[in-house]
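Quick notes on the structure that follows.
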Amino acid sequence: KQNLDVLISDLDIRCFTYNGFGKDFLKSQSLRPDSVVQVVLQLAHYRAHGQLCPTAETASLRRFHQGRSEIIRSATSAVLAFTQAMDDEKCQAPERLSLLKQAVESHSTLTEQALDGQGIDCHLLGLKMEAIADGFHVPELFMDISYTMASYWKLSTGQVASRTDCIMCYGPLVPDGYAVCYNPLPTHINFAVTAFNCCEETNATYLAGNIQNALADVRALLGNFGEGQPERL
Numbered sequence: 001k002q003n004l005d006v007l008i009s010d011l012d013i014r015c016f017t018y019n020g021f022g023k024d025f026l027k028s029q030s031l032r033p034d035s036v037v038q039v040v041l042q043l044a045h046y047r048a049h050g051q052l053c054p055t056a057e058t059a060s061l062r063r064f065h066q067g068r069s070e071i072i073r074s075a076t077s078a079v080l081a082f083t084q085a086m087d088d089e090k091c092q093a094p095e096r097l098s099l100l101k102q103a104v105e106s107h108s109t110l111t112e113q114a115l116d117g118q119g120i121d122c123h124l125l126g127l128k129m130e131a132i133a134d135g136f137h138v139p140e141l142f143m144d145i146s147y148t149m150a151s152y153w154k155l156s157t158g159q160v161a162s163r164t165d166c167i168m169c170y171g172p173l174v175p176d177g178y179a180v181c182y183n184p185l186p187t188h189i190n191f192a193v194t195a196f197n198c199c200e201e202t203n204a205t206y207l208a209g210n211i212q213n214a215l216a217d218v219r220a221l222l223g224n225f226g227e228g229q230p231e232r233l
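The numbers in full-length UniProt numbering rise by one with no breaks, and the one at position 114 of the sequence shown is 114.
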C-alpha cells in the first residue's frame, strides 16, 4: 500500500474537454475520428519535444476467439510530414490539409491491420515468450537496440469511448513518458493526460496545452478547407 501511495502521489493528471468539434464533425469531413485524434497527439508531442516518439495505441482483437489486444503504432512517416508542415511558414494551408488526410489515412490503415490480427507487437511478444518458456535462447532481434528503442512507449494512448460524458485515465508506461486517454463524443472530446512529477522531461499540463492548440489548428484547417462548409466557431 505504501508503494501504491507513492505512485499515486507522483502521478500528475490533467483533464479537459475540447469543444471545437466532436466525432460528428470529423465524420462529416470523411475522416476517421480516432485517427484524427492520434495525429493531433503526434502534432502536440512534436511541438512539445521537437520529435515524434514510439507511440502505442491499444486495439481490441475482440473479433477473434479469446482475442485480447494489439498495438497500433501511430508515429508514421506520413504523420511526421504533417507535423513538420504545420509549423513550416512556406507550407500553404491546402498542402497541410492534404498531408493531414494522408496522415489520417496511414493511421486508419494501421488500425485496420491491427484489428485484423496483422499487427507485429503481440506476435513478436508471443514468439519471445515461447522461446523463454521452451528454454531457448532469446532471438537476437529482441536484444537489438533498435527493437528496444522502438518498443519504449513514451506515449501510451487509448480511446475509451462511452456514451456517458466521462473520461478515464491511467499512468504512463515508462518513467519519462505520457499517457493520453480520450472519449470522442458527438460534439466534443474529453481528454485525460498523465505524466510523472518526478520526471523533469515531461509535464502533463504542458502537453495538454499543446494538444488543445493542435486541436484548434486542425479545426481551423478543416473549417477553411474541409470537404463541407461547416459553421465557423
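The beta carbon of each residue, even a glycine, is placed where N, CA and C say it ideally should be.
Paired residues, beta bridge with residue i - DSSP
i	result
G158	C181
I13	T194
Y18	I189
R73	A56
Residue i versus residue j: straight-line alpha-carbon distance, rounded
i	j	result
E112	V36	15 Å
R163	R32	18 Å
V218	A131	45 Å
L127	H137	12 Å
R232	F25	Reliability fails at R232, whose pLDDT of 37 lies under 50, so the model's placement of it is uncertain and no value is given.
I145	N224	44 Å
Q229	L99	Annotation note: pLDDT 44 at Q229 (below 50); position unreliable, coordinate value reported separately. Their backbone Cα atoms lie some 20 Å apart in a straight line.
residue 239	Q2	Residue 239 is absent from the structure shown; the chain starts at 1 and stops at 233.
S77	L215	20 Å
G177	F64	31 Å
I8	N203	16 Å
P184	K27	12 Å
I211	C53	15 Å
Q38	S106	11 Å
L125	S151	11 Å
G171	C91	36 Å
L80	G135	41 Å
A85	Q66	42 Å
D34	A44	15 Å
E95	L155	27 Å
A179	N213	18 Å
S108	L11	31 Å
L97	D116	29 Å
M143	M129	14 Å
C199	V174	10 Å
L4	C169	16 Å
Q102	V6	43 Å
L207	V104	21 Å
D165	E89	38 Å
Nearest neighbour of residue i, chosen from the options [CA to CA]
i	options	result
I167	T76, V174, W153, Y182	Y182
L61	S77, A114, K27, A150	A114
L141	D134, G135, M149	M149
A48	A220, L221, E201	E201
I13	I211, N197, A133	N197
T187	G22, D10, D87, D134	G22
W153	L185, H107, A195	A195
Y46	Q66, D34, F82, K27	F82
G50	D34, L125, C169, D87	D87
L41	L11, M129, S74, V174	S74
A222	S30, L4, L11	Checking the sequence, you will find Leu at residue 222 rather than Ala. With distances taken between Cα atoms, L222 lies closest to S30.
A220	L4, D5, A93, V6	A93
- Message: Counting beta carbon pairs with one atom in the stretch 157-165 and one in the stretch 42-60, are three or more of them shorter than 8 Å?
- Response: yes
- Query: Does the stretch 187-196 come close enough to the stretch 18-26 that 3 or more CB-CB pairs lie under 8 Å?
  - Reply: yes
- Task: Count the CB pairs spanning the stretch 65-77 and the stretch 106-124 that are closer than 8 Å, and state whether there are at least three.
- Result: yes
- Message: As an exercise, report each continuous alpha helix (DSSP H) stretch of at least 4 residues that is fully enclosed by the stretch 110-141, in chain order.
- Response: 121-133
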